[in-house]
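Engineer: Submitted below is the structure of interest, expressed as structure tokens.
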Amino acid sequence: MSPHLIGYNDLAIAALLVLLNAALTWMLDLGLSRTILIAGVRAVVQLLLVGLVLKTVFALASPVLIAAIALVMFTMASYEISSRQERRFAGAWGYGIGAGTTMLATLLVTAFALIGTLRSDPWYAPQVLIPLLGIILGNVMNGVSVSLNALSTAIMRERPAIEARLALGTDRYTALKPLQRSALRSGMIPIINQMSAAGVITLPGMMTGQILAGLDPLEAAKYQILLLFLLSGGAGLGALAAIYVAVWRITDVRDRLRLDRLAQR
Amino acid sequence: MLEGHALRRLHLGPIDFALRPGECVSLAGKSGAGKSVLLRMLADLDPHQGDALLDGAACSGMPAPKWRRMVTYVAAESGWWDERVGTHFSPGTDFPTLLPAVGISAEAWAWPVARLSTGERQRLALLRALNPENRVLLLDEPTSGLDAENTGRVEALLHGRLSTGTAILLVTHDPEQARRMASRHFEVRDGQLVEETP
Numbered sequence: 212m213s214p215h216l217i218g219y220n221d222l223a224i225a226a227l228l229v230l231l232n233a234a235l236t237w238m239l240d241l242g243l244s245r246t247i248l249i250a251g252v253r254a255v256v257q258l259l260l261v262g263l264v265l266k267t268v269f270a271l272a273s274p275v276l277i278a279a280i281a282l283v284m285f286t287m288a289s290y291e292i293s294s295r296q297e298r299r300f301a302g303a304w305g306y307g308i309g310a311g312t313t314m315l316a317t318l319l320v321t322a323f324a325l326i327g328t329l330r331s332d333p334w335y336a337p338q339v340l341i342p343l344l345g346i347i348l349g350n351v352m353n354g355v356s357v358s359l360n361a362l363s364t365a366i367m368r369e370r371p372a373i374e375a376r377l378a379l380g381t382d383r384y385t386a387l388k389p390l391q392r393s394a395l396r397s398g399m400i401p402i403i404n405q406m407s408a409a410g411v412i413t414l415p416g417m418m419t420g421q422i423l424a425g426l427d428p429l430e431a432a433k434y435q436i437l438l439l440f441l442l443s444g445g446a447g448l449g450a451l452a453a454i455y456v457a458v459w460r461i462t463d464v465r466d467r468l469r470l471d472r473l474a475q476r
Numbered sequence: 356m357l358e359g360h361a362l363r364r365l366h367l368g369p370i371d372f373a374l375r376p377g378e379c380v381s382l383a384g385k386s387g388a389g390k391s392v393l394l395r396m397l398a399d400l401d402p403h404q405g406d407a408l409l410d411g412a413a414c415s416g417m418p419a420p421k422w423r424r425m426v427t428y429v430a431a432e433s434g435w436w437d438e439r440v441g442t443h444f445s446p447g448t449d450f451p452t453l454l455p456a457v458g459i460s461a462e463a464w465a466w467p468v469a470r471l472s473t474g475e476r477q478r479l480a481l482l483r484a485l486n487p488e489n490r491v492l493l494l495d496e497p498t499s500g501l502d503a504e505n506t507g508r509v510e511a512l513l514h515g516r517l518s519t520g521t522a523i524l525l526v527t528h529d530p531e532q533a534r535r536m537a538s539r540h541f542e543v544r545d546g547q548l549v550e551e552t553p
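First to last, the protein sequences are chains A and B.
Residue numbers for the first sequence follow this note's numbering, so the first one is 212 and each next one is one higher.
Residue numbers for the second sequence follow this note's numbering, so the first one is 356 and each next one is one higher.
Shown next, in the form of structure tokens:
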């Protein structure tokens, strides 16, 4: 089955909706028209650029180039994670915990998918590897950044309670367990919702795209299921690793709470 | 029984210091002088230099939780990690005897923590720290904000612990309380522990 292709004139017609939106907010003086237009232009430029880059990468299929792209993706994701933390760790840890655990979970799950299910040939075939890495990385990034942020803000808020438990002779892991549990829950809820709502409340974007492009709906559904499993695995693994490393770092071997290891504001 | 050797943290120390069994020592000083810093060092709750010994056994030589069950710090600001009062105490706690002894309703163990007044929290935080294991209590203003009657109850409770050999290091701003409770009086001044002679 050949994919149903759309032309630039189709895009232009769809763009009328954005223009209409901008015009309406301008007429009603809601002060959003400029923002809407800029966002629309950004989407066009960014996506076409990525399309062009990927086209080149796919054509060249060079392992070095693929690795370089993966590295850029990891760097951006790590930066996003650390910039989304209200209280981040001081020094290299501020960047390192998010970066390390994200990379670990993403690589594990991607490798698992490539070896276990998708079996592309060669294994680094960019048509499979790059989109897969991208979508897994995005979800791991969300899981890690939400969990880490939830954990550090909870620790700041619950400091007297944690220290009371430590002073009474509770070890650090027991004292921080309830906070770990709720931080992990915050990080996992989006992907859990996505799985349980899939198909009933919304058709996932990827599946919608595949069906519109002409793929058999059942085949598209199978792809979506595979992806959801990979994403929940990645997000869960990343969030889990991140909060364990964070708890280990924000306490010490003498079972003390070390808030001095968070960056000063 | 409890000895501190060359304890040093931030602007405080080096401090050498000893407590005998059944002895209460009072600690005064301006706020910010380092009274809590000293108590937290003795409980090993912050990184510090020097070491503390309990009957010759070094703090650094045993797991910190074990040390803190014997040398127990009760902060001025109490912390609560569960919704109900009762779950903060060890199982088998004798609430009907314990709670009225400090002027709190015997049913308070079933209350949500949010219902407690500041003074009730303070007294309950002290109660929950008491266990058969503790040899030294490090108390940071345990009766600040309590009325005379409840202060008296808390002091009676502490006298009871002293008579069984527990030692107490008591931070207090009240010279009268220091006289009632303690046999020796210290002040934290310019980063040092200074004994006050009457």
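C-beta atoms are modelled at their ideal positions from N, C-alpha and C, and glycine is treated no differently.
Of all the CB atoms in chain A, is at least one closer than 7 Å to the CB of A469 of chain B?
Structural biologist: Against the second sequence, residue 469 of chain B aligns to sequence position 114. False, the Cβ-Cβ gap to chain A never drops below 7 Å.
Engineer: Check the Cβ of A378 of chain A against every Cβ in chain B and list those closer than 8 Å, keeping chain order.
Structural biologist: The residue you call residue 378 of chain A lines up with position 167 of the first sequence. Going along chain B in sequence order, the residues near A378 of chain A (Cβ under 8 Å) are A398, L400, R423, T427, Y428, V429, A430 and A484.
Engineer: Whole angstroms are fine: how far does the CA of V543 of chain B sit from the CA of G389 of chain B?
Structural biologist: In the second sequence, residue 389 of chain B corresponds to position 34, counting from 1. In the second sequence, residue 543 of chain B corresponds to position 188, counting from 1. So the two alpha carbons sit approximately 7 Å from each other.
Engineer: Classify M212 of chain A as helix, strand or coil using the three-state DSSP reduction.
Structural biologist: Translated into positions along the first sequence, residue 212 of chain A becomes position 1. Note that M212 of chain A scores a pLDDT of 47, beneath 50, so its modelled location is shaky; the value from the coordinates is reported in the next line. M212 of chain A: coil per DSSP, three-state reduction.
Engineer: Among the candidates A:E369, A:L340 and A:M399, whose CA atom is the shortest distance from the CA of V357 of chain A?
Structural biologist: On the first sequence, residue 357 of chain A is found 146 positions in, with the first residue counted as 1. Looking at the Cα atoms, A:M399 is the closest of the given residues.
Engineer: Does the separation of the CB atoms of S294 of chain A and Y306 of chain A fall below 7 Å?
Structural biologist: Numbered from its first residue, the first sequence carries residue 294 of chain A at position 83. Numbered from its first residue, the first sequence carries residue 306 of chain A at position 95. For S294 of chain A and Y306 of chain A, no; Cβs fall outside 7 Å.
Engineer: Helix or strand or just coil, what does DSSP make of V543 of chain B?
Structural biologist: In the second sequence, counting from the first residue as 1, residue 543 of chain B sits at position 188. In the structure shown, V543 of chain B sits in a strand (DSSP, three-state: E or B).
Engineer: Would you list, in sequence order, the uninterrupted alpha helix (DSSP H) runs of no fewer than 4 residues that lie entirely inside the region 431-482 of chain B?
Structural biologist: Segments of the alpha helix (DSSP H) lying fully in the region 431-482 of chain B: 450-456.
Engineer: For E551 of chain B, count the other beta carbons within 10 Å of its own beta carbon; 16 or more makes it buried, fewer makes it exposed. Which is it?
Structural biologist: For the purposes of this step, residue 551 of chain B is identified with residue 196 of the second sequence, where counting begins at 1. The residue is exposed, with fewer than 16 neighbouring Cβ atoms inside 10 Å.
Engineer: Quick one: is D382 of chain A near chain B, going by C-beta distance under 7 Å?
Structural biologist: If you number the first sequence from 1, residue 382 of chain A lands on position 171. For D382 of chain A, the answer is yes, since a Cβ of chain B falls inside 7 Å of its Cβ.
Engineer: Spell out a yes or no on whether the region 311-323 of chain A and the region 449-457 of chain A are touching, meaning 3 or more CB-CB pairs, one atom from each, closer than 8 Å.
Structural biologist: The region 311-323 of chain A is in contact with the region 449-457 of chain A.
Engineer: What three-state label does DSSP hand E386 of chain B in the structure shown?
Structural biologist: Locating residue 386 of chain B in the second sequence gives position 31, where the first residue counts as 1. Going by the sequence as given, residue 386 of chain B is Ser instead of Glu. Reduced to three states, the DSSP call for S386 of chain B is coil.
Engineer: Taking 7 Å as the CB-CB limit, is P420 of chain B close to chain A?
Structural biologist: Indexing the second sequence from 1 puts residue 420 of chain B at position 65. With 7 Å as the cut-off, P420 of chain B counts as an interface residue toward chain A.
Engineer: What does the alpha-carbon distance come out to for the pair Q475 of chain A and F300 of chain A?
Structural biologist: On the first sequence, residue 475 of chain A is found 264 positions in, with the first residue counted as 1. On the first sequence, residue 300 of chain A is found 89 positions in, with the first residue counted as 1. Each residue's Cα considered, the two are about 9 Å apart.
Engineer: Under 7 Å, CB to CB, which of the residues in the region 441-475 of chain B have a partner in chain A?
Structural biologist: So nothing in the stretch comes that close.
Engineer: Assuming L513 of chain B and V426 of chain B make a contact with CB atoms under 8 Å, what is their CB distance in whole Å?
Structural biologist: One-based indexing of the second sequence puts residue 513 of chain B at position 158. One-based indexing of the second sequence puts residue 426 of chain B at position 71. Not a contact, Cβ separation roughly 16 Å.
Engineer: Use the C-beta contact count for I224 of chain A: other C-beta atoms within 10 angstroms, 16 or more gives buried, fewer gives exposed.
Structural biologist: Residue mapping note: residue 224 of chain A aligns to position 13 of the first sequence, counting from 1. Label assigned to I224 of chain A: exposed.
Engineer: Under the criterion of a Cβ to heavy atom distance below 6 Å, does L340 of chain A qualify as lining the ligand SAH?
Structural biologist: Ligands in the displayed structure: none, and consequently the ligand SAH is not present.
Engineer: Between the beta-carbon of A398 of chain B and the beta-carbon of A378 of chain A, is there less than 7 Å?
Structural biologist: Taking the second sequence and counting its residues from 1, the one referred to as residue 398 of chain B is at position 43. Taking the first sequence and counting its residues from 1, the one referred to as residue 378 of chain A is at position 167. For A398 of chain B and A378 of chain A, yes; Cβs fall inside 7 Å.
Engineer: Mind the definition here: the region 351-371 of chain A touches the region 381-397 of chain A only if three or more C-beta pairs lie below 8 Å; say whether that holds.
Structural biologist: The region 351-371 of chain A, when compared against the region 381-397 of chain A, does touch it at the 8 Å Cβ threshold.
Engineer: Run the CB neighbour count on R383 of chain A, radius 10 Å, all protein chains shown included, and call it buried at 16 or more, exposed below.
Structural biologist: Locating residue 383 of chain A in the first sequence gives position 172, where the first residue counts as 1. Per the 10 Å Cβ criterion, buried.
Engineer: DSSP beta-bridge partners for E358 of chain B?
Structural biologist: Stepping through the second sequence from its first residue, residue 358 of chain B is reached at position 3. Answer is B:A373 and B:L408, bridged to E358 of chain B.
Engineer: Starting from the C-beta of E369 of chain A, find all residues in its chain whose C-beta is less than 7 Å away, skip the five residues before and the five after it, and write them out in chain order.
Structural biologist: On the first sequence, position 158 is the one that residue 369 of chain A refers to. So the list reads L390, once near-sequence residues are dropped.
Engineer: On the three-state DSSP scale, how would you describe A413 of chain B?
Structural biologist: One-based indexing of the second sequence puts residue 413 of chain B at position 58. A413 of chain B: strand per DSSP, three-state reduction.
Engineer: Is G500 of chain B close to chain A? Criterion is C-beta to C-beta, closer than 7 Å.
Structural biologist: Position 145 of the second sequence, counting from 1, holds the residue named residue 500 of chain B. Output row for G500 of chain B: interface = no.
Engineer: With burial defined as no fewer than 16 other Cβ atoms inside 10 Å of the residue's Cβ, what is the status of L260 of chain A: buried or exposed?
Structural biologist: The residue given as residue 260 of chain A occupies position 49 in the first sequence. Classification for L260 of chain A: exposed.
Engineer: Check each candidate in A:M406, A:P401, A:T462 and A:P337 and name the one with the smallest Cα separation from A278 of chain A.
Structural biologist: For the purposes of this step, residue 278 of chain A is taken as residue 67 along the first sequence, with counting starting at 1. When each option's Cα is compared against that of A278 of chain A, the closest is A:P337.
Engineer: What are the boundary residues of the alpha helix (DSSP H) that L265 of chain A is part of?
Structural biologist: Along the first sequence, read from residue 1 onward, the residue named residue 265 of chain A stands at position 54. Where L265 of chain A is concerned, the enclosing alpha helix (DSSP H) stretches over S244 to L271.
Engineer: Identify the continuous alpha helix (DSSP H) that holds V411 of chain A and give its terminal residues.
Structural biologist: Numbered from 1 along the first sequence, position 200 holds the residue referred to as residue 411 of chain A. That residue, V411 of chain A, is in no alpha helix (DSSP H); it is neither H nor E in DSSP.
Engineer: Provide the residue(s) that pair with D466 of chain A in DSSP beta bridges, ordered along the chain.
Structural biologist: Counting from 1 along the first sequence, the entry for residue 466 of chain A is found at position 255. In the DSSP output, where bridge partners are listed per residue, D466 of chain A has none listed.
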